[in-house]
Ligand code: NAD
Ligand code: UDP
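Residue numbers (the working numbering): -4 to 307.
Here it is, written out as structure tokens:
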């Protein structure tokens, strides 16, 4: 049994991680400022003596005795991270400094939820960890991309300079239950639009690609990374290498919801990466991990969740 801090624990991914960690018998402190997360995501854990929910903003220091830290606090949807870009970069950079300082003081192992966005609009496809990326440092996505890149730098420097035990994971597009109905990312948008009979909004011509990972696969991967020996720091990609165009995703959602919604095309946002697909050779080798849940199954599970949310 370990004492584990999860920042951003009331968010989409964090809530699944907290649930898994509590189920495995750990003591979990879930820290969140509820910017995009909600108490509802962890309501089933409140009252469990292994679970504590703390309202706190990671841009301020936090002190607690823990064995492990999962640092997830940061809005992840372009709509939300662009709402207050200065706050987004503060969250990534100051949040990383505060959590790394804590890890150093209490000798905790710490995992950073980094992102495929560090590869920007990639010129290499699929993306291996060795690729340094193609990121616009002054665009509307930079607050997120460069914030996450700086956080990776901080993790590596705390490791090299202070021997902090670190793990960096680069998460590729992940979806599933507990995403906010108003999250703004493509999977939740399409499902919610299809269920409400509203137009399905494809940005651009629909040929952009993403590779979608179901949240349960990610949580399994994250826990395997945390359990690796101290010599393994990553970065390691965690994602599902099955790649789809946004047109294909829209068609899957329409078919599985039996919706009569129409597809419409809206302008593509600036700097939107044209393609994305993880090379997961390193995760397979080091973690004996690969995603198990196919897109259709994951979308069906998500439809069930969003149907309940919308009706409720
Ligand atoms: P999310 O927005 O649902 O969760 C983020 C959580 O962090 C929310 O609960 C939010 O309230 C909290 N938060 C934000 N700023 C905070 C602050 N300053 N202090 C404390 N809490 C704060 O998003 P998610 O999809 O669950 O993403 C979780 C993490 O995984 C993020 O760091 C994100 O960058 C990373 N990630 C996610 C994806 C994905 O596809 N879901 C892909 C790559 C990386
Ligand atoms: N997208 C879309 N319609 C939407 C929301 C997003 O076509 O309603 C597109 C978006 O332009 C991008 C892809 O879907 O090409 C994935 O977008 P998302 O915001 O989910 O994640 P990210 O761009 O961060 O990978």
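All C-beta atoms, glycine included, are put in the ideal place defined by N, C-alpha and C.
For the alpha helix (DSSP H) that contains residue i, what are its first and last residues?
i           : result
residue 138 : 137 to 157
residue 87  : 80 to 101
residue 17  : 7 to 18
residue 27  : It is not in any alpha helix (DSSP H) - residue 27 instead sits in the beta strand (DSSP E) that spans 22 to 27.
residue 219 : 210 to 221
residue 184 : 181 to 191
residue 75  : 73 to 76
What's the call for residue i, buried or exposed, on a 16-neighbour Cβ count within 10 Å?
i           : result
residue 241 : buried
residue 136 : buried
residue 132 : exposed
residue 188 : buried
residue 303 : exposed
residue 191 : exposed
residue 301 : buried
residue 125 : exposed
residue 293 : buried
residue 127 : exposed
residue 75  : buried
residue 307 : exposed
residue 104 : buried
Excluding the five sequence neighbours on either side, which residues of its own chain have a C-beta within less than 6 angstroms of the C-beta of residue i, listed in chain order?
i           : result
residue 205 : 168, 271
residue 183 : 174
residue 248 : 185, 186, 189
residue 80  : 138
Could you check whether residue j and residue i sit closer than 8 angstroms to each other, using their CB atoms as the reference points?
i           : j           : result
residue 21  : residue 45  : yes
residue 8   : residue 61  : no
residue 161 : residue 153 : yes
residue 216 : residue 111 : no
residue 72  : residue 179 : yes
residue 15  : residue 218 : yes
residue 296 : residue 171 : yes
residue 236 : residue 116 : no
residue 259 : residue 166 : no
residue 84  : residue 0   : no
Return the chain-ordered list of same chain residues with a C-beta closer than 7 angstroms to the C-beta of residue i, the five sequence neighbours on each side being excluded.
i           : result
residue 238 : 204, 206, 272
residue 287 : 212
residue 87  : 69, 142, 143, 145, 146
residue 57  : 26, 51, 93, 97
residue 281 : 223, 227, 231
Residue i lies in the beta strand (DSSP E); which residues open and close that run?
i           : result
residue 233 : 231 to 233
residue 107 : 104 to 110
residue 206 : 204 to 206
residue 48  : 46 to 50
residue 55  : Element bounds for residue 55: n/a, residue is neither H nor E.
residue 239 : 238 to 240
residue 66  : 63 to 66
residue 162 : 161 to 166
Please report the distance separating the alpha-carbon of residue i from that of residue j.
i           : j           : result
residue 66  : residue 120 : 28 angstroms
residue 54  : residue 255 : 45 angstroms
residue 49  : residue 26  : 5 angstroms
residue 41  : residue 47  : 7 angstroms
residue 122 : residue 208 : 15 angstroms
residue 253 : residue 299 : 13 angstroms
residue 329 : residue 261 : Residue 329 lies beyond the range of the chain shown here (-4 to 307); nothing can be said about it.
residue 139 : residue 158 : 27 angstroms
residue 263 : residue 201 : 10 angstroms
residue 250 : residue 290 : 13 angstroms
residue 114 : residue 34  : 32 angstroms
residue 36  : residue 4   : 9 angstroms
residue 43  : residue 30  : 24 angstroms
Tell me which residues share the same chain as residue i and place their Cβ nearer than 8 angstroms to its Cβ, disregarding the 5 neighbours each side in the sequence.
i           : result
residue 305 : 176, 187, 190, 191
_Give the residues whose C-beta lies closer than 7 angstroms to at least one heavy atom of ligand 4, in chain order._
With respect to small molecules bound, the structure shown includes ligand 1 and ligand 2 and not ligand 4.
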